[in-house]
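Comments concern the structure below.
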Amino acid sequence: MKKDFRVQYPLWQMAFIILFGFIAISITGASSEMIHNDIEFSYSLEFPALESILLFITLAMTFILLIIFIMKITNHNKRHPQQKLSFWQIKPIEYLEEDEGMIYITRRAAQKVYTFFVWALPFVAMIYLLFNLSRLWIVIGILFLAFMQYLIFYIEVRKYVSKDEN
Amino acid sequence: MLQNRVKELRARYGFSQGELGERVGVTRQTIAFIEKGEFSPSVTLALKLAREFEVKVDELFWLEGEKPS
Numbered sequence: 010m011k012k013d014f015r016v017q018y019p020l021w022q023m024a025f026i027i028l029f030g031f032i033a034i035s036i037t038g039a040s041s042e043m044i045h046n047d048i049e050f051s052y053s054l055e056f057p058a059l060e061s062i063l064l065f066i067t068l069a070m071t072f073i074l075l076i077i078f079i080m081k082i083t084n085h086n087k088r089h090p091q092q093k094l095s096f097w098q099i100k101p102i103e104y105l106e107e108d109e110g111m112i113y114i115t116r117r118a119a120q121k122v123y124t125f126f127v128w129a130l131p132f133v134a135m136i137y138l139l140f141n142l143s144r145l146w147i148v149i150g151i152l153f154l155a156f157m158q159y160l161i162f163y164i165e166v167r168k169y170v171s172k173d174e175n
Numbered sequence: 007m008l009q010n011r012v013k014e015l016r017a018r019y020g021f022s023q024g025e026l027g028e029r030v031g032v033t034r035q036t037i038a039f040i041e042k043g044e045f046s047p048s049v050t051l052a053l054k055l056a057r058e059f060e061v062k063v064d065e066l067f068w069l070e071g072e073k074p075s
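Structure (structure tokens):
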């Protein structure tokens, strides 16, 4: 069960969130120029050396992780044809719902995530209101919330599924 | 909190958690949660488990502080 892709899925999301954070750092470090008039429309981004290297490495890692991620989903669907997962399904992939025990675990984890958001969202909103933060910090704040959401969900589910058969 | 004899009866019948789960239509993990008292099953599942062990539901599950039937 620990190796069930649905249990591991929050870890993948956390990895993608970290990579997205690095992409945000690179892009916000770039200087941009937009020309929009009657005869021309252009948008250009100019990256300093460090940010361009960071962006290149991050995009390469994202691409590699994405390929592994797709392979994992394909493997899961082959092994569990009755529980097929899709990139495009509306219901979150990490939900475990094959019986009432699994629904209970998912409910417990989702409740903890909900409790986190009840406190974290007003706190972050207050921070944004009080401080004049740059675009990067706003993105990092949102990514932090998303990261914590998956971390809390993963820890709670893992707590239940890691207990071995007697 | 709900107490139960699922583990005891499962051992008596020689079922693994996985086998018992298959017989009543749930996963091994759900049987493990029930045995540990971490999860109280629905009436439907309690009835299925009782039927599997050929006992009454109140012989299989009882409230903490009360004696099993």
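These protein sequence lines are chains A and B, in that order.
For what it's worth, the numbering used here labels the leading residue of the first sequence as 10, then goes sequentially.
For what it's worth, the numbering used here labels the leading residue of the second sequence as 7, then goes sequentially.
All C-beta atoms, glycine included, are put in the ideal place defined by N, C-alpha and C.
Because the structure is a prediction, the values reported are computed rather than measured.
Straight across, the Cα-Cα distance linking Ile26 (chain A) with His89 (chain A) is about 27 Å. Chain order gives the chain B residues near Val170 (chain A) as Gln35, where near means a beta carbon separation below 8 Å. If the five residues before and after Leu53 (chain B) are omitted, its C-beta is found closer than 8 Å to the C-beta atoms of Val63, all from its own chain and listed in chain order. About 40 Å separates the Cβ atoms of Ser143 (chain A) and Lys11 (chain A), ruling out a contact at the 8 Å cut-off. Beta-bridge partners assigned by DSSP to Met10 (chain A): none are found. Annotation for Phe56 (chain A): Ser35, Gly38, Ala39 and Leu64 place their beta carbon closer than 8 Å to its own, counting only its chain and skipping 5 residues before and after. Taking the beta carbon of Gly110 (chain A) as reference, the chain B residues within 7 Å of it are Val32, Thr33, Gln35, Thr36, Phe39 and Phe45, listed in sequence order. Secondary structure note for Phe50 (chain A): it is in no alpha helix (DSSP H), and the uninterrupted beta strand (DSSP E) holding it is Phe50 to Glu55.
In the structure shown, Gln158 (chain A) adopts helical secondary structure according to DSSP, grouped into three states. For the pair of segments examined, the segment 152-167 of chain A was found not to touch the segment 69-89 of chain A: the number of CB pairs separated by less than 8 Å stays below three. Pairing Lys93 (chain A) with Phe50 (chain A), the inter-Cα distance amounts to about 44 Å.
In the structure shown, Trp68 (chain B) adopts extended strand secondary structure according to DSSP, grouped into three states. No Cβ of chain B is located within less than 8 Å of the beta carbon of Tyr163 (chain A). Setting aside the 5 residues that flank it on each side, Tyr52 (chain A) is surrounded in the same chain by Met43, each with a C-beta closer than 6 Å to its C-beta; the list follows chain order.
Counting along the chain, Met70 (chain A) sits inside no beta strand (DSSP E); it lies in the alpha helix (DSSP H) bounded by residues Ala58 to Arg88. Think of a sphere of 8 Å around the beta carbon of Leu51 (chain B): the chain A residues whose beta carbon falls inside it are Glu109, in chain order. Ranked by Cα distance from Arg29 (chain B), the first of B:Leu55, B:Val49, B:Phe39 and B:Glu60 is B:Leu55. Taking a cut-off of 8 Å on C-beta distances, the segment 30-46 of chain B touches the segment 10-22 of chain B, as three or more cross pairs fall below it.
Residue pairing by DSSP places Ile44 (chain A) opposite A:Ser51 in a beta bridge.
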